[in-house]
Amino acid sequence: HNPPHRPPLSPLVSASAAQPPPPVSILQDPCTKPPSTGSREMAAPCTSILNDRLAVLLEDIFLLLPGAADLVRASAACVPFRQIATGSSFLRRFRKTHSPSFIGFVDYHGFRPALRPHTSAPIADAVARAAADFSFSFLPRPNRCSFTGDAGCWNVRDIRGGRVLLDRGPKREKGSVVFPELAVSDPLHRRYRLLPPIPDDLAVLVRDALDLTYSPKRRCQVVLGPVPVPAFKEVKVEPEDEETSFRVIWMAQCRTKPMAFLYSSSTG
């Protein structure tokens, strides 16, 4: 009795292809290949998420967190979580769905963190200790900061929307400063921008500026102005520009008339 004839398997199809693929655990490392069963090598540590769909899913999960403190704790779990939680596009989405927490305020004497029993006291303490730099040591040297108007030091002049406007005059002053050096800083991210000096053709218009009674050794007042919203819907503002844009207003009272100059970070 001869056995029935069976057609041979195609050389392009493995016999194991007929088996269903092994299930993939949702706990599997998202950025490393599954280890081979025949090798004892350890998988490389996860440093990035290679699956775009998984990254989007994690963003949606992080958006469900109650507040910024929970996002900070989640980002500390691993490097991929921190990469997603600190991404600029994700942070813009997070800010739109979560109102900012009150962690304290900045005045002319430094940062005043929220105290217990306020719910933001732990994160405020972390910001005051390590996250932010309210001594402004990242500013151009000499970067000593003063809150009393000392000559040659950076002095806090105004605070708005998380940005701090500082100015400094020369180390040796024979009179009051009319055109100090200006800088707008972000102490939380340790960034700053130096403002260009007022052009000579405009500075020459300022004559006989009077001293300020409430600010010693100054003949001008500098403040951070509000950033206007575009009047037309056709004007598109990039999210990055909207978050980093600012305005600085320089004002002085001359003997015959007041003077004011406006600097915009968008137009220069």
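Following the UniProt record's numbering, the numbering of the sequence shown begins with 1 at its first residue and continues without gaps. Heads up, the beta-carbon is just placed ideally off N, CA and C, and yes, glycines get one too.
Which same chain residues, not among the five before or five after residue i, have their C-beta less than 6 Å away from its C-beta?
i    : result
R190 : D133, F138
A76  : none
V106 : I159
What does DSSP give as the partner residues of residue i in its beta bridges?
i    : result
S264 : R247
F111 : V106
V177 : R218
A209 : C254
L224 : V248
C145 : W154
So which of the options has the shortest CA-CA distance to residue i?
i    : options                : result
G162 : R53, R218, T244        : T244
V227 : L188, S265, V127, S135 : S265
V157 : S120, I198, D200, V222 : The identity of residue 157 in the sequence shown is Arg, whereas the question assumes Val. Nearest option by C-alpha distance: V222.
G67  : T119, L54, C78         : T119
N187 : P197, C220, Q83, L166  : Rather than Asn, the amino acid found at residue 187 in this sequence is Pro. For P187, the nearest C-alpha among the options comes from L166.
L182 : L262, D201, V204       : L262
S89  : V248, L195, R73, F62   : F62
D52  : V72, A74, L64, P80     : P80
H98  : H109, L64, L205, R168  : L64
V72  : Y108, T86, P100        : T86
R129 : P117, F111, R141       : F111
L195 : P140, V204, A74        : P140
R193 : V204, L54, V248        : V248
D60  : V106, D201, R93, P142  : R93
Tell me which residue opens and which closes the beta strand (DSSP E) that residue i is part of.
i    : result
D107 : 104-107
S185 : 181-186
D133 : It is not in any beta strand (DSSP E) - D133 carries neither H nor E in the DSSP assignment.
V164 : 163-168
L194 : 191-194
In chain order, what residues of the same chain lie with their CB nearer than 7 Å to the CB of residue i, ignoring the 5 residues before and after it?
i    : result
A124 : I103, G104, P113, A114
R160 : L224
C145 : S135, F136, C153, W154
F246 : R163, V184, L224, V227, S265
P142 : G152
Return the chain-ordered list of same chain residues with a C-beta closer than 8 Å to the C-beta of residue i, the five sequence neighbours on each side being excluded.
i    : result
P122 : A69
C220 : V177, V178, F179, P180, A209, L212, W250, M251, A252
P258 : M251, A252
I198 : F179, W250, F261
A74  : F62, L65, F81, A85
Hey, quick one: how far does the alpha helix (DSSP H) through residue i stretch, first residue to last?
i    : result
V156 : First-last for V156: 154-160, but that is the beta strand (DSSP E), not the alpha helix (DSSP H).
A74  : 68-75
R116 : Careful: R116 lies outside any alpha helix (DSSP H) and carries neither H nor E.
L202 : 200-203
S88  : 88-97
P80  : 79-85
L57  : 52-63
Evaluate residue i with the Cβ neighbour count: other Cβ atoms within 10 Å of its Cβ, from every protein chain shown; 16 or more gives buried, anything less gives exposed.
i    : result
G268 : exposed
A260 : exposed
V56  : exposed
Y108 : exposed
R255 : exposed
R168 : buried
L58  : buried
V204 : exposed
E173 : Caution applies to E173, whose pLDDT of 49 falls short of 50 and renders its modelled position unreliable; the value that the coordinates give is listed next. E173 comes out exposed.
Report yes if the C-beta of residue i is less than 8 Å from at least one heavy atom of the ligand HEM; otherwise report no.
i    : result
L210 : Summarising the ligand content, the structure contains no ligands, and the ligand HEM is consequently not present.
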